[in-house]
Amino acid sequence: MAASPSSYGPRPWTFYALATLFALFVIFLYGPMIAVLILSFQGPSAALVFPLRDPSLMWFDELFNPRRVGDVIGAFERSFPLALIVAALTVVISVSAGFAFRRRFIGDTVIFYTAIASLIVPGLVLSIGVLVTFRYLGMPAAWYSSALGAHLSWTLPFGLLIMFAVLGRLDPSYEEAAYDLGASRWQAVWSVVIPIVLPGMIAVALFGFTLSYDEFPRSWLTVGSKNTLPLEIWTMTTNVTSPALYALGAMTTFVSFAAIAIALTSIVAIQRRRSGLK
Amino acid sequence: MNRQVRPGSQETGEIRLVNLTKTFGATTAVDKINLTIPHGSYCCLLGPSGCGKTTILRMIAGHETPTSGEIYIGKEMVVDRPPVARGTAMMFQSYALFPHLTVLDNVAFYLKMRNVGKAERRQRAEEMLHRVQLQALKDRTPAQLSGGQQQRVALARSLITNPRVLLLDEPLSALDEFLRLRMRGELKSLQKELGITFVHVTHTQPEAIALADMVVVMDTGRIDQAGSANFIFNRPKTPYVARFMGAQNVLTGTIVHMGEGQLWLRGANGAQFEAATSEAPLTEGSPLSFAVRRDRIKLRTNVGGKAATAPNEVRGVVEATEYQGSYVKVFIDLGSGVFVAHVPDGDFSAAPIEKGDPVVASWNPADINILTSVDKGAAEDPYSDTTN
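Residue numbers (my numbering), protein chains in the order written: chain A, 1 to 278; chain B, 279 to 666.
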């Protein structure tokens, strides 16, 4: 802080108490992740605990050459597209619903609460429900069908809440100005509304992606015979006892961080462009 | 969208509203309005918030559909037409500049929607920006502009559509006082230069008087009075208009006698009023309200006897004085209400009046303006003293 504390007397003891509490919180939040990251470079001793001996990349190599480890690559090849599809659908559905909810219509409150209520339903219960329903309908469970639906039940409430806030705050005169200047309804949406709410849409996509990418309970019974990444990791914890587990944790965390970084950078870039800070 | 129906500049921008009504649920925002705004005039819709003036503007623009009634622009009935086919352009209160586009792209938006080529689009938009003296800022985004600059961009964006009617929704309300006065002048000269119809919604009476060829005073969905600024200011028709235009005292008396073109009234506390008969049919014994301009009041401090004897006099005690520069506003408590006189600066300093002084206020019979409806009291009228 630029202001010197001495001019206003010493900081109260509560400052130090709360600062310590916050520091502990941050350590608790990121400590495990950092521990996993460090231990993923464990040497051939294959110890699952500290200390780190003879750092190497061998467990990452192990990951991509599945001899003992499970089907990590295959699981990633399901989880990643699933997360992308979930993100895309969440954006499309949330934006459309956001438009619909800008005006009141009969049953709007009921629909809203129905959509939000799926946040409360326990994921495992929902997973069982989806599986039972698919069985009853005679359809096989797969990541691209039953798991996709289960994931959407989780991501949509978040997407809807964000888009309702974004579109609800959008001044209707932007569209009216567009109509005034000869835009059709589609043109008004594409040339005016979508660009204005784009940062919100990126945020929704980010939520959709990360929520789906590391979703466990809703995937559990709905992915069918082939696992998604979180399920694969879970399986590995029961039968793999090598730092390959940590290497996998480090990799998936990296993918999540990359997604967040891309999303935030693009939002910041859009905002900077609008405020003219090139 | 039918792009061929856009009117050419030779068409007239006369606006005619016929029995125009708009209801929102149970509330009637606009109630059977009939109004003709002549081509090329500067018209101000004046009234407090919620009086329906913005709803009228939005119906003319095509952003609101009337519940019933007709809107003609020129000879064409435009109710079923989309905004762009009406030959109107609207300037929004918030300006509604597109935040993701540069100033130039904002102005060129209309041309882009009409598939005009990029080179021509840029050129025409730059010409328009030149006209509002903003060509230097063409590559900025709206967020980088001041309020006044944003307004000019909004103007340029509206005018590039070559409208015959420009609709302005409280265009000056977002500006500070200094800028407001400057933009007011610019709007007026722009309207003169373009010769198109301007319809300007405002709740500020000085703004309307300064700008308008035609002032339309509105009250809860109805038009109370429409006419030239000068006429409305001097000859308000109703107590509401008199109060809203400001600078008027509204008094009520009972008709005691009529004859020979004269009218005698008896007011509160024994006051007597004498005026020329109005055209309205009147009966003896019925109440009648009239307005007197505050700057036509003469004050004297030698009160004399107990009751007011001469006609067109009221007496009271000075409640407060307020210096206004060229005149002093003197508030007088009549017992039956507050009466205000505007005393010229020089006269006031020659014979200063202080709080608590008993005074007699008088005026000429010719300064009495008979109102068509009886005053229902100003107690709950929040606009009785907002202006002048």
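Positions of the beta carbon are idealized from the N, C-alpha and C atoms, including for glycine.
Short CB-CB distance (under 8 Å) between residue i and chain A
i	result
B/Y422	For the record, residue 422 of chain B in the displayed sequence is Gln; it is not Tyr. Yes - at least one Cβ of chain A is within 8 Å of the one on B/Q422.
B/T439	yes
B/P344	no
B/T419	yes
B/A304	no
B/P377	yes
B/M406	no
B/Y388	yes
B/V283	Confidence at B/V283 is low in this model, with a pLDDT of 41, below 50, so the placement of that residue should be treated as unreliable; the coordinate-derived value is given next. Not one chain A Cβ lies under 8 Å of B/V283.
B/H478	no
B/M391	yes
B/H341	yes
B/S506	no
B/A553	no
According to DSSP, residues forming a beta bridge with residue i
i	result
B/K396	According to DSSP, which records beta bridges pairwise, B/K396 is partnered with nothing at all.
B/H620	B/K607
B/I311	B/L298
B/E591	B/S640
B/P565	B/T532
A/L198	According to DSSP, A/L198 bridges with nothing at all.
B/T480	B/L324
B/A553	B/L541
B/N647	B/A569
B/K367	For the sequence presented, residue 367 of chain B should be read as Ala rather than Lys. Beta-bridge pairing links B/A367 to B/L444.
B/Y601	B/V606
B/E354	B/I351
Chain B contact for residue i (CB, 8 Å cutoff)
i	result
A/S275	yes
A/V192	yes
A/L160	no
A/P195	yes
A/L181	yes
A/D171	yes
A/A263	no
A/E176	yes
A/Q42	no
Residue i (DSSP reduced to helix, strand or coil)
i	result
B/M461	helix
B/F626	helix
B/T664	Its pLDDT being 40, under 50, B/T664 is placed unreliably by the model, and the measurement read from it follows with that caveat. B/T664 falls in the coil class under three-state DSSP.
B/F302	strand
B/K576	strand
B/R294	strand
B/N384	helix
A/V223	coil
B/R500	strand
B/P361	helix
A/F50	coil
B/E538	coil
A/L119	coil
B/Q526	strand
A/M236	helix
B/E342	coil
A/M139	coil
A/Y144	coil
B/G347	strand
B/E405	helix
Residue i: CB within 7 Å of a non-hydrogen atom of the ligand PLP
i	result
B/L566	As far as ligands go, the structure on display features none, and thus does not contain the ligand PLP.
Exposed unless 16 or more other CB atoms sit within 10 angstroms - verdict on residue i
i	result
A/W59	buried
B/A367	buried
A/L137	exposed
A/D54	exposed
Any chain C beta carbon closer than 8 Å to residue i
i	result
B/V362	Protein chains in the displayed structure are A and B, and chain C is not among them.
Taking 8 Å as the threshold, find out whether the segment 90–98 of chain A comes into contact with the segment 153–167 of chain A through three or more Cβ pairs.
yes
If you pair each beta-carbon of the segment 79–86 of chain A with each one of the segment 201–211 of chain A, do three or more pairs fall below 8 Å?
yes
Between the segment 174–185 of chain A and the segment 98–115 of chain A, do three or more beta carbon pairs fall short of 8 Å?
no
At a cut of 8 Å, does the segment 127–147 of chain A reach the segment 187–197 of chain A through at least three beta carbon pairs?
no
Pairs of beta-carbons, one from the segment 359–377 of chain B and one from the segment 424–435 of chain B, closer than 8 Å: are there three or more?
yes
Evaluate contact between the segment 312–328 of chain B and the segment 495–513 of chain B, counting only Cβ atoms and requiring at least three cross-stretch pairs below 8 Å.
yes
contact_flag[the segment 345–353 of chain B, the segment 288–305 of chain B] where n(CB pairs < 8 Å) is 3 or more
yes
Three or more C-beta pairs closer than 8 Å, one from the segment 584–603 of chain B and one from the segment 632–644 of chain B: is that the case here?
yes
Just checking, does the segment 611–621 of chain B make contact with the segment 542–552 of chain B on the three C-beta pairs under 8 Å criterion?
yes
Using 8 Å as the cut-off, can you tell me whether the segment 146–156 of chain A makes contact with the segment 215–222 of chain A, which would need three or more C-beta pairs spanning the two stretches below that distance?
yes
Flag this pair as touching only if the segment 246–256 of chain A and the segment 164–179 of chain A have three or more C-beta atom pairs under 8 Å; answer yes or no.
no
Taking contact to mean 3 or more Cβ pairs, one atom from each stretch, closer than 8 Å, check whether the segment 408–418 of chain B and the segment 356–364 of chain B are in contact.
no
For the segment 483–500 of chain B against the segment 618–628 of chain B, do three or more pairs of beta-carbon atoms, one drawn from each stretch, fall closer than 8 Å, so that the two count as touching?
no
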